[in-house]
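Below you'll find the structure, written out as C-alpha cells, and then a few comments.
Numbering (our numbering), first residue to last: 89 to 406.
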C-alpha cells in the first residue's frame with residue numbers, strides 16, 4: 089500500500105522538477121538573448137591580450153578590423169554597422185546552449201539536492217543548523233552538476249565562444265571540441281557549487297526559512313549571482329582563452345595558460361570583462377535562479393496545503 093501511494097508522489101515530484109527546470113531555462117534563454125551583444129563584448133574583452141586603456145583600443149577589441157574595415161581607409165557607415173551587427177554573432181547558438189544547460193542544471197540540481205538532503209539530514213541534523221545544511225547540500229549538488237554539465241555541453245559551449253570571440257569565420261576549428269573541458273569543468277563546478285551554496289545560505293536568513301517570500305527569493309538569487317560572478321570571473325577568462333586559442337593546434341593546459349597570462353599580461357588579465365559580466369549577472373543568472381526558487385517555494389506551499397487538507401478532512405482520513 090505504501091509503495092502504491094509513494095509512486096504517484098514520486099511521479100508528481102519528477103513532473104514538478106521538469107516543469108520548474110523548463111520554465112527557468114526558458115527565462116535563462118530569453119535573458120541571454122536580450123543581453124547577447126553585451127555577452128559578445130565580454131568574450132572579446134576576455135580574449136584581448138593587452139590592457140584596454142582608451143576608446144580606440146576598446147573599439148579595436150569590440151569591432152575587430154577584419155569586420156569594420158575593407159581597406160586602410162576610414163570606417164564608413166555600412167562597415168561600422170557591420171561591426172555592430174557582429175555583436176549578434178552566435179545569437180542562436182547562445183540561446184540553444186543556455187536553454188539546454190539551464191534545463192539540465194536546474195533539473196539535476198533539484199534531484200541531487202533532494203537526494204543529498206535525504207541522506208545527509210539523519211547525520212548532520214544535530215551538528216549543523218538548517219541554514220548551513222541547505223548551503224552545504226546546494227554546494228555539493230552544484231559541484232556534481234557543474235562537472236557533468238561541462239562534459240556533456242562543452243562542444244556546444246566552445247562553438248558559441250569561438251563564434252562570438254573570433255574575429256573571422258576562418259578561426260573555427262574542424263575538431264578538438266573538448267579542448268578546454270578541464271577549465272570548463274572546474275569553472276562550472278565552482279560556479280554552480282558557489283551560486284547554489286550562497287543562494288541557500290541567503291534563503292536561511294528569511295523570516296520563514298521554510299517558506300521565503302518571492303522578494304526574499306529574488307534578493308537571495310541576485311546576491312548569489314553577483315557574488316558568484318565576481319569570484320568566478322578569473323576562471324571564466326581562462327576558459328575563454330583556452331577555448332579560443334587552442335584553435336591553432338597549440339596544446340596548452342589550464343595551469344599553463346594561467347601562468348602564461350600572468351607572465352605576459354600581469355594579474356589584471358584575469359579581470360578583463362568583469363564589468364559587463366557583473367552588469368549582466370542579475371538578469372542572466374539571478375532572474376532564472378529566482379524563477380526556479382519561486383517555483384520551488386510554490387511547490388512546497390502546495391504540498392503543505394495538500395497535507396493540511398488531508399489531516400483536517402474526515403473524508404480524506406478514511
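Here a beta-carbon is modelled for each residue, glycine too, at the ideal position from N, C-alpha and C. Every value quoted in this text rests on a predicted model; they were computed, and no experiment measured them.
Given a threshold of 16 other Cβ atoms within 10 Å of its Cβ, counted over all protein chains shown, does residue 240 qualify as buried or as exposed?
Looking at its Cβ environment, which holds fewer than 16 other Cβ atoms inside 10 Å, residue 240 is exposed.
* Spell out a yes or no on whether the region 218–234 and the region 187–204 are touching, meaning 3 or more CB-CB pairs, one atom from each, closer than 8 Å. => Touching, yes, given that three or more Cβ pairs across the two stretches are closer than 8 Å.
To the nearest angstrom, how far is the alpha carbon of residue 357 from that of residue 319?
Roughly 15 Å between the two C-alpha positions.
Which whole-angstrom value is the C-beta distance of residue 112 and residue 387, which I expect to be below 8 Å? Contact flag wrong, Cβ pair sits at about 12 Å.
Among 214, 340, 253 and 284, whose alpha-carbon lies nearest the alpha-carbon of residue 150? Nearest C-alpha to residue 150: 253.
For the alpha helix (DSSP H) holding residue 176, just list the boundary residues, first then last.
-> No alpha helix (DSSP H) contains residue 176, which DSSP labels as neither H nor E.
Quiz item: With distances taken from CA atoms, which of 380, 345 and 390 is nearest residue 107?
Solution: For residue 107, the nearest C-alpha among the options comes from 380.
Q. Does DSSP put residue 187 in a helix, in a strand, or in coil?
A. If DSSP states are grouped into helix, strand and coil, residue 187 belongs with the helices.
Original post:
What number of angstroms, rounded off, separates the C-alpha of residue 217 from the C-alpha of residue 183?
Top reply: Here the alpha carbons of residue 183 and residue 217 stand approximately 39 Å from one another.
**OP:** Give the straight-line distance between the Cα atoms of residue 165 and residue 110, rounded to the nearest whole angstrom.
**Re:** Any answer about residue 165 is weak, because its pLDDT of 48 lies below 50 and its placement is not dependable; what the coordinates show is given next. Whole-angstrom Cα-Cα distance: 42 Å.
| query | Tell me which same chain residues have a C-beta within less than 7 Å of the C-beta of residue 205, skipping the five on either side of it? | reply | Cβ-Cβ distances below 7 Å link residue 205 to 225 in the same chain, with the five nearest sequence neighbours on each side left out; the list follows chain order.
Close-in-space but distant-in-sequence residues of the same chain around residue 178 (CB under 6 Å, 5 per side omitted):
Counting only Cβ-Cβ distances below 6 Å, and skipping sequence neighbours, we find 248, 251 and 252.
Is it true that the CB of residue 360 sits closer than 8 Å to the CB of residue 134? A contact, by the Cβ cut-off of 8 Å.
Next on the checklist: Can you tell me whether residue 296 is buried or exposed? The criterion is at least 16 other CB atoms within 10 Å of its CB, across all chains shown.
Outcome noted: By the neighbour-count definition (other C-beta atoms within 10 Å, threshold 16), residue 296 is an exposed residue.
From this set, 385, 265 and 143, which residue's C-alpha is nearest residue 246's C-alpha? Looking at the Cα atoms, 265 is the closest of the given residues.
Let's see if you can read the secondary structure: which residues bound the alpha helix (DSSP H) around residue 320? Looking at the DSSP string, the run of the alpha helix (DSSP H) that includes residue 320 is 302–333.
Quiz prompt | Supposed close pair residue 273, residue 238 - CB separation, criterion 8 Å | solution = Between residue 273 and residue 238 a beta carbon distance of about 4 Å is seen, short of the 8 Å cut, so the two are scored as contacting.
Note to self: Taking a contact to mean a Cβ-Cβ separation below 8 Å, would you say residue 235 touches residue 277 in this structure?
What the structure shows: Taking 8 Å as the Cβ cut-off, residue 235 and residue 277 qualify as a contacting pair.
Query - Straight-line gap, residue 118 to residue 214 (C-alpha atoms, nearest Å) - result: Answer to the nearest angstrom: the Cα atoms are 43 Å apart.
- For the alpha helix (DSSP H) that residue 278 lies in, which residues bound it at each end? That run of the alpha helix (DSSP H) goes 269–291.
Looking at residue 378 and residue 305, is the spacing between their C-beta atoms short of 8 Å?
With contacts defined as CB atoms closer than 8 Å, residue 305 and residue 378 qualify as a contacting pair.
Open item on the list: Just verifying my parser: in three-state terms, what is the DSSP assignment at residue 297?
Closed with: Taken through DSSP and simplified to helix, strand or coil, residue 297 comes out as coil.
Q) Which residue comes first and which comes last in the alpha helix (DSSP H) that contains residue 228? A) Residues 218–253.
Short check: CB of residue 354 to CB of residue 310, under 8 Å? By the CB criterion at 8 Å, residue 354 and residue 310 fall outside the cutoff.
Boundaries of the alpha helix (DSSP H) in which residue 146 is found, first to last residue:
Element bounds for residue 146: 143–150.
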